[in-house]
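Asker:
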Amino acid sequence: MNDKPQILIIGAGAIGSFYGAILKRAGCPVSVVVRSEYDAVNANGFQFESPLGDISWQPDHVYRDTDAADTKPDFLILSTKIVAGTDRVAQVRPWMGENTKLVLIQNGLDIERELADAFPNNPIISCLAFVAVSRVAPGQIKHNAYGRLVMGNFPEGIDASSEQLADLFRAGGIEIKLADQVVRERWLKCVWNTPFNPLSVLANGADTLTMLDTEGGEQLVRNLMLEVMAVAEADGHPLPPQLPDSNIEGTRKMPAYKNSMALDYVNGRAIELDAILGNVVAIAHRHQVPVPHLETVLVTLRMREK
Numbered sequence: 070m071n072d073k074p075q076i077l078i079i080g081a082g083a084i085g086s087f088y089g090a091i092l093k094r095a096g097c098p099v100s101v102v103v104r105s106e107y108d109a110v111n112a113n114g115f116q117f118e119s120p121l122g123d124i125s126w127q128p129d130h131v132y133r134d135t136d137a138a139d140t141k142p143d144f145l146i147l148s149t150k151i152v153a154g155t156d157r158v159a160q161v162r163p164w165m166g167e168n169t170k171l172v173l174i175q176n177g178l179d180i181e182r183e184l185a186d187a188f189p190n191n192p193i194i195s196c197l198a199f200v201a202v203s204r205v206a207p208g209q210i211k212h213n214a215y216g217r218l219v220m221g222n223f224p225e226g227i228d229a230s231s232e233q234l235a236d237l238f239r240a241g242g243i244e245i246k247l248a249d250q251v252v253r254e255r256w257l258k259c260v261w262n263t264p265f266n267p268l269s270v271l272a273n274g275a276d277t278l279t280m281l282d283t284e285g286g287e288q289l290v291r292n293l294m295l296e297v298m299a300v301a302e303a304d305g306h307p308l309p310p311q312l313p314d315s316n317i318e319g320t321r322k323m324p325a326y327k328n329s330m331a332l333d334y335v336n337g338r339a340i341e342l343d344a345i346l347g348n349v350v351a352i353a354h355r356h357q358v359p360v361p362h363l364e365t366v367l368v369t370l371r372m373r374e375k
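Residues in the sequence shown are numbered consecutively from 70, following my numbering.
Structure follows, in structure tokens:
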């Protein structure tokens, strides 16, 4: 018998299927809940092109999102995008058991609280993914680079469950950083995500170098970063003052890059506006921190949504 924990992934798109592949390589039984790609995944599993080699895999079970839950996994990984109208509590409730650990591999800030309130007796492990991976066809995934996860318990700490999951990911071949202050780690990632993702949509899907090289573009990015950092400090998470410089320098060293929000926008998909930007502005209002640049971007994107 396999003594490895049972894994269930809800939202097995590019991100979910990649980390499912890693856990499968570590010897875990991994099942998925899928929506539109059920037939392709049930027939052929996930087919990968990856620098890690052949990490294609067949889930142990493939469920439709309307199926009755016949399993209560040890770890339930939620890797859906957080867009308007998504009820994440309803998505996971049928699959949550008394001892299920809920793992979020999702973008954004302040995304854990509603799930922590709904499942107060289940540990929540919050993860930030640093990976370049995309879905190219139903069940077909292109992994370009990276895969590192930063993870820890919400709201803070590291327990035996997060350590166990980290060890499994490492056994599957990726780098893991365990962080006892995972909310601070989310703020650190927001310093890049919150400016670049929404601006890319306002600029019709512009890549990173276009945004930086346009006259006034780098200064606008820097102003947005500084506002994010001011909100983080008011929220109890002061960040290193050199962060804007290092983020911009690092971005200039990368090839021109279209971020995930830009790709969602140009392909007509909903964008993760509140998770990445709206929640930052809401926290700014709570702490009475002025964020005029962030507010302008948010309001303009809300106009575009309408």
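Even glycine gets a Cβ: it sits at the ideal position worked out from N, Cα and C.
Fair warning: this is a prediction, and the values are worked out from it, not measured in the lab.
#1: In or out: MET220 buried (at least 16 other Cβ within 10 Å) or exposed?
#2: Going by the CB atoms, is the gap between PRO309 and ARG50 shorter than 9 Å?
#3: Excluding the 5 residues preceding and the 5 following SER231 in the sequence, name in chain order all residues of the same chain whose CB lies nearer than 7 Å to its CB.
#4: Compute the distance between the beta-carbons of VAL349 and VAL360, then report whether it is under 9 Å.
#5: Relative to the C-alpha of VAL162, which residue among MET294, PHE265 and PHE188 is closest?
#6: Just to confirm my understanding: we take ALA303, look at its own chain, exclude 5 residues before and 5 after, and list those with CB closer than 6 Å. What are they?
#7: According to DSSP, is ILE352 helix, strand or coil?
#8: Does the region 171-186 come close enough to the region 101-118 that 3 or more CB-CB pairs lie under 8 Å?
#9: The beta strand (DSSP E) with PHE115 in it runs from where to where?
#10: Flag this pair as touching only if the region 153-168 and the region 312-328 have three or more C-beta atom pairs under 8 Å; answer yes or no.
#11: Nearest-angstrom Cα distance between HIS306 and ILE78?
#12: According to the Cβ coordinates, are LEU234 and VAL366 closer than 9 Å?
#13: For GLY208, which of LEU346, GLN160, PHE87 and ILE352 has the nearest alpha-carbon?
#14: Just the C-alpha distance for GLN160 and PRO142, rounded to the nearest angstrom, thanks.
#15: I believe LEU363 touches LEU346 by the beta-carbon criterion, under 8 Å. Please report the beta-carbon distance rounded to the nearest angstrom.
#16: Mind checking whether LYS211 and ASP276 have CB atoms under 9 Å apart?
#17: Please report the straight-line C-alpha distance between ARG253 and ARG133, rounded to a whole angstrom.
#18: Which one or two residues does DSSP pair with ASN316 in a beta bridge?
#19: For MET323, is the classification buried or exposed, using 16 other Cβ atoms within 10 angstroms of its Cβ as the cut-off for buried?
#20: Give the secondary structure of VAL102 by DSSP, where H, G and I count as helix, E and B as strand, and everything else as coil.
#21: Give the C-beta separation of GLN75 and THR149 to the nearest angstrom, bearing in mind that I take them to be a contact with Cβ-Cβ under 8 Å.
#22: With respect to the beta strand (DSSP E) encompassing GLY308, which residues constitute its N-terminal and C-terminal limits?
#23: Which partner residues of MET220 appear in the DSSP bridge assignment?
#24: Examine the ligand ZN and report whether any of its heavy atoms sits within less than 8 Å of the Cβ of GLY208.
#25: Using beta carbons (cut-off 9 Å, strictly below), is LEU278 in contact with chain D?
#26: Can you give the Cα-Cα distance for GLU181 and ARG321, rounded to whole angstroms?
#27: Got a sec, what are the start and stop residues for the beta strand (DSSP E) TYR88 sits in?
#28: With distances taken from CA atoms, which of LEU184, VAL205, TYR215 and ALA185 is nearest PHE199?
Answerer: Put simply:
#1: Within the sequence shown, the letter at position 151 stands for residue 220. MET220 should be labelled buried.
#2: Residue 50 is absent from the structure shown; the chain starts at 70 and stops at 375.
#3: As a working note, residue 231 is residue 162 in the sequence shown. Excluding residues within five positions, the ones whose Cβ falls inside 7 Å are ILE194, MET220, GLY221, ASN222 and LEU247.
#4: The residue you call residue 349 lines up with position 280 of the sequence shown. The residue you call residue 360 lines up with position 291 of the sequence shown. Their beta carbons are under 9 Å apart, which means VAL349 touches VAL360 by this criterion.
#5: One-based indexing of the sequence shown puts residue 162 at position 93. A small correction: the amino acid at residue 162 is Arg; Val does not occupy that position in the sequence shown. Closest option to ARG162, Cα to Cα, is PHE188.
#6: The residue you call residue 303 lines up with position 234 of the sequence shown. Same-chain partners within the cutoff: HIS356 and VAL358.
#7: Indexing the sequence shown from 1 puts residue 352 at position 283. ILE352: helix per DSSP, three-state reduction.
#8: no
#9: In the sequence shown, the residue the question calls residue 115 occupies position 46. Careful: PHE115 lies outside any beta strand (DSSP E) and carries neither H nor E.
#10: no
#11: For the purposes of this step, residue 306 is taken as residue 237 along the sequence shown, with counting starting at 1. For the purposes of this step, residue 78 is taken as residue 9 along the sequence shown, with counting starting at 1. The straight-line gap from Cα to Cα measures roughly 31 Å.
#12: Numbered from its first residue, the sequence shown carries residue 234 at position 165. Numbered from its first residue, the sequence shown carries residue 366 at position 297. No, these two residues do not count as a Cβ contact at 9 Å.
#13: Residue mapping note: residue 208 aligns to position 139 of the sequence shown, counting from 1. Comparing Cα-Cα distances from GLY208 to each of LEU346, GLN160, PHE87 and ILE352, the minimum goes to PHE87.
#14: Along the sequence shown, one-based indexing puts residue 160 at 91. Along the sequence shown, one-based indexing puts residue 142 at 73. Whole-angstrom Cα-Cα distance: 14 Å.
#15: Taking the sequence shown and counting its residues from 1, one reaches residue 363 at position 294. Taking the sequence shown and counting its residues from 1, one reaches residue 346 at position 277. The Cβ separation is near 7 Å, so the contact holds.
#16: Position 142 of the sequence shown, counted from the first residue, corresponds to residue 211. Position 207 of the sequence shown, counted from the first residue, corresponds to residue 276. Cβ atoms of LYS211 and ASP276: not closer than 9 Å.
#17: Reading the sequence shown from its first residue, position 184 is the one you call residue 253. Reading the sequence shown from its first residue, position 64 is the one you call residue 133. Those two C-alpha atoms are separated by around 35 Å.
#18: Position 247 of the sequence shown, counting from 1, holds the residue named residue 316. Beta-bridge pairing links ASN316 to no other residue.
#19: Here residue 323 corresponds to residue number 254 of the sequence shown, with the count starting at 1. It counts as exposed.
#20: Position 33 of the sequence shown, counted from the start, is the residue given in the question as residue 102. Strand.
#21: Residue mapping note: residue 75 aligns to position 6 of the sequence shown, counting from 1. Residue mapping note: residue 149 aligns to position 80 of the sequence shown, counting from 1. Not really, about 20 Å apart at Cβ, beyond 8 Å.
#22: As a position in the sequence shown, residue 308 is number 239, starting the count at 1. Checking the displayed sequence, the identity of residue 308 turns out to be Leu instead of Gly. That residue, LEU308, is in no beta strand (DSSP E); it is neither H nor E in DSSP.
#23: The residue you call residue 220 lines up with position 151 of the sequence shown. Beta-bridge pairing links MET220 to CYS196 and LEU247.
#24: Of ligands this structure carries none, so the ligand ZN is not represented either.
#25: Here chain D cannot be found, since the structure has a single protein chain.
#26: On the sequence shown, position 112 is the one that residue 181 refers to. On the sequence shown, position 252 is the one that residue 321 refers to. Roughly 32 Å between the two C-alpha positions.
#27: In the sequence shown, the residue the question calls residue 88 occupies position 19. No beta strand (DSSP E) holds TYR88; the alpha helix (DSSP H) holding it covers 83-94.
#28: Position 130 of the sequence shown holds residue 199. When only C-alpha atoms are compared, the closest one is TYR215.
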